[in-house]
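Numbering (our numbering), first residue to last: 9 to 519.
So, in C-alpha cells, the structure goes:
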C-alpha cells in the first residue's frame with residue numbers, strides 16, 4: 009500500500025438527520041477512496057484511505073460542501089495506519105458513551121417534496137407525511153440519540169420494500185432519511201367529527217364552509233379556520249375565549265402573504281427558511297381580513313407559510329389563507345394526543361384532522377420579527393430552532409438555569425454551548441410544570457449532561473425556585489429577576505464588559 013494514507017475523522021455539530029453520511033459516502037466514492045462512516049452518540053466518525061493529496065481535497069470539501077442543514081462545530085483529523093479497506097461503506101450506528109452529538113430541529117417541507125406531493129404520477133401524491141433528508145420531523149419525534157429510526161416515534165412503521173430501497177440507495181434523496189415513509193407503510197391521517205366518528209369529506213371543503221378544524225401537526229394541535237370568513241373567525245375567538253390576543257395566519261405561499269402584509273427581503277428569507285417561523289409583519293389591512301377580529305388594536309400581523317405537508321395540503325386555489333392558532337386551552341400546555349384533543353376541544357373544533365404518529369417532544373411555533381437594524385428578535389424560540397445550541401464566548405461547567413414563573417423556558421449548558429428549551433407556558437398550571445420537569449429530564453438525557461449548578465429566580469414563591477432548592481448535591485444560586493433579563497440580553501447579543509441596561513418588566517424580585 010505504498011503511497012496510501014489513512015485519515016481518522018470526527019465531525020461534531022448538527023450532523024445527524026441532515027444527510028451528512030450520504031454526503032461523506034458520495035464524496036468518498038467520487039474520489040475513489042475506501043473506508044467507512046458511521047453515526048454515533050458522540051458525532052460522525054469515519055476512516056478514509058487514499059492518496060494524500062486526494063485525502064486533503066476530500067477533507068476540504070467534506071466541510072466546505074457540507075449539506076445546507078448541517079452545522080459543523082468541529083472537524084478533527086488524525087493520520088492513522090492504513091487498514092486496506094475494499095470499497096466505502098456506511099456502518100451501523102454506535103453508542104460511544106458520550107453524547108456530544110447535536111440533534112437537528114424540525115425542518116420545513118422542501119421544494120422537492122412539495123413538487124412530489126402535488127404530482128399525480130408520484131407514489132406519494134397527497135401523502136401528508138412525505139419527507140426526505142432535507143426536510144421533515146426531527147426533534148419532535150426523537151426519543152434518544154444517535155438519531156436512528158428505532159429511536160424515534162417512526163419505529164412502529166417499518167419501511168416497505170420501495171421505501172427501504174430508497175433508504176439504502178446512496179444516490180437517492182431519501183438515503184438514510186429516518187422518517188422515510190409512503191402511504192403503504194407510513195403514518196396516516198384520520199378525519200373525525202366532534203363525536204369521534206370518522207367522516208369522508210375533503211378537509212378543504214369543510215374549511216371553505218366555515219368549519220373550525222383541529223389539526224394535529226408537527227409539535228402539537230392547531231385550530232384552523234378560513235381567515236377571510238368573518239363568521240368562522242368570530243366563532244373561533246368566542247369558543248377559545250381569546251378576547252384580544254392576535255391570531256397568526258398561515259398563507260398558502262409567499263404571493264398570498266404579500267396581499268395581506270408588507271414583506272421586505274429579510275422577512276421573506278425567514279418565511280421561506282427551513283425554520284419557517286411566524287414572522288410578525290406590518291399589516292397591509294387588506295379589506296378581505298377583519299383586522300379588528302384577527303389582530304385587534306395592532307398594526308402588525310403574524311404570518312407563516314405551510315411547514316409540513318399536512319399544512320401544505322390544507323390549501324387549494326380558492327382557500328389561500330387560514331387562521332392557525334395553538335389548540336391548547338387557555339394557560340394549558342400544547343395538546344399532542346388524539347384522545348386529549350377530542351376531550352378538550354369538543355365544543356371548540358367542529359372536526360379533527362388527526363394522525364397516528366406520536367409527538368414525543370411538544371413544540372410551539374416560533375415567533376420572531378426583524379428589528380429596525382435588520383436583526384431577528386425572537387418572541388418565542390421553539391419549532392425550527394430547538395434544540396440547536398447557542399455558542400458561548402467561553403466553556404462553562406454544566407449549568408441549568410430554570411427560568412421564571414411565566415412563559416417559562418429553561419437553559420442547559422454543555423461546554424461552550426447553551427441549549428434553550430421550547431416554551432413551557434406559565435408554571436402555576438400543574439400540567440405546564442409537569443412538562444417542564446419532563447423537559448429537563450429529556451434535555452439532560454439528550455445532551456448527556458448533569459448540571460453542577462442550578463440557577464433560579466430570587467422570588468421564593470416561583471415553582472422553579474422551589475424545585476431548585478429541593479435538588480441535592482448541586483450548587484444552587486439565586487439571581488435577581490431583572491438582572492437575569494439583562495444578562496440574557498447581553499448573552500444573546502454577545503456583549504461583554506460594562507453596559508448600561510434599562511429593563512422594563514412587571515413582577516419579579518430585585519433589580
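Glycine included, every Cβ here is placed at the ideal spot set by N, Cα and C.
Computed from a prediction, not measured in an experiment: that's the story for all the values here.
- For residue 360, the secondary structure class from DSSP, reduced to helix, strand or coil, is strand.
- In this model, residue 439 and residue 227 are separated by some 17 Å (Cα to Cα).
- Secondary structure note for residue 169: its alpha helix (DSSP H) is the uninterrupted segment 169-176.
- Residue burial annotation: residue 124 is buried, with at least 16 other C-beta atoms found within 10 angstroms of its C-beta.
- Note on geometry: alpha-carbon atoms of residue 66 and residue 505 lie some 42 Å from one another.
- Burial state of residue 274 is exposed, judged by a 10 Å Cβ sphere holding fewer than 16 other Cβ atoms.
- Proximity to residue 188 across 144, 469, 457, 241 peaks at 144, based on C-alpha coordinates.
- Assignment of beta-bridge partners to residue 506 by DSSP yields no partner.
- Note: residue 385 is bridge-paired with 377 in the DSSP secondary-structure output.
- Within the stretch 239-306, the runs of alpha helix (DSSP H) at least 4 residues long that lie entirely inside it are, in chain order, 262-268, 273-279, 299-302.
- Less than 8 Å divides the Cβ of residue 234 from the Cβ of residue 216.
- Residue 54 sits buried, since 16 or more C-beta atoms from the chains shown fall within 10 Å of its C-beta.
- Within the same chain, no residue comes within 7 Å of residue 277 by CB-CB distance, once the 5 residues on both sides are set aside.
- In the three-state scheme derived from DSSP, where H, G and I count as helix and E and B as strand, residue 346 is classed as helix.
- The bridge partners DSSP lists for residue 96 are 43.
- For the 8 Å CB-CB criterion, residue 476 and residue 484 form a contact.
- DSSP places residue 55 in the strand class (E or B) of the three-state scheme.
- Taking 8 Å as the cut-off, the Cβ atoms of residue 372 and residue 342 count as close.
- The C-alpha of residue 33 is placed about 9 Å away from the C-alpha of residue 179.
- Pairing residue 142 with residue 30, the inter-Cα distance amounts to about 12 Å.
- Around the Cβ of residue 155, a 10 Å sphere holds 16 or more other Cβ atoms; the residue is buried.
- Sorting 313, 361, 246 by C-alpha distance to the C-alpha of residue 268 places 313 at the top.
- Beta bridge pairing from DSSP links residue 449 with no other residue.
- Annotated as proximal: residue 255 and residue 303, with beta-carbon spacing under 8 Å.
- The stretch 375-387 makes no contact with the stretch 397-413: fewer than 3 CB pairs, one atom from each, lie closer than 8 Å.
- Residue 229 is bridged by DSSP to 224.
- Put simply, the stretch 66-81 touches the stretch 14-29. At least three CB pairs are less than 8 Å apart.
- Between residue 451 and the set 469, 420, 511, the nearest pair of CA atoms involves 420.
- Close CB contacts of residue 84 within its chain, under the 6 Å cut and outside five residues either way in sequence, are with 18 (chain order).
- DSSP, reduced to helix, strand and coil, places residue 61 within a helical segment of the structure shown.
- Within 10 angstroms of the beta-carbon of residue 169 lie fewer than 16 other beta-carbons, which makes it exposed.
- Residue 490 carries a helical assignment under DSSP once its states are collapsed to helix, strand and coil.
- Boundaries of the beta strand (DSSP E) around residue 87: 79-88.
- When rounded, the separation of the alpha-carbon atoms in residue 311 and residue 72 is 34 Å.
- Relative to the Cα of residue 437, the nearest Cα in the group 28, 340, 117, 248 belongs to 340.
- Residue pairing by DSSP puts residue 308 in a beta bridge opposite 290.
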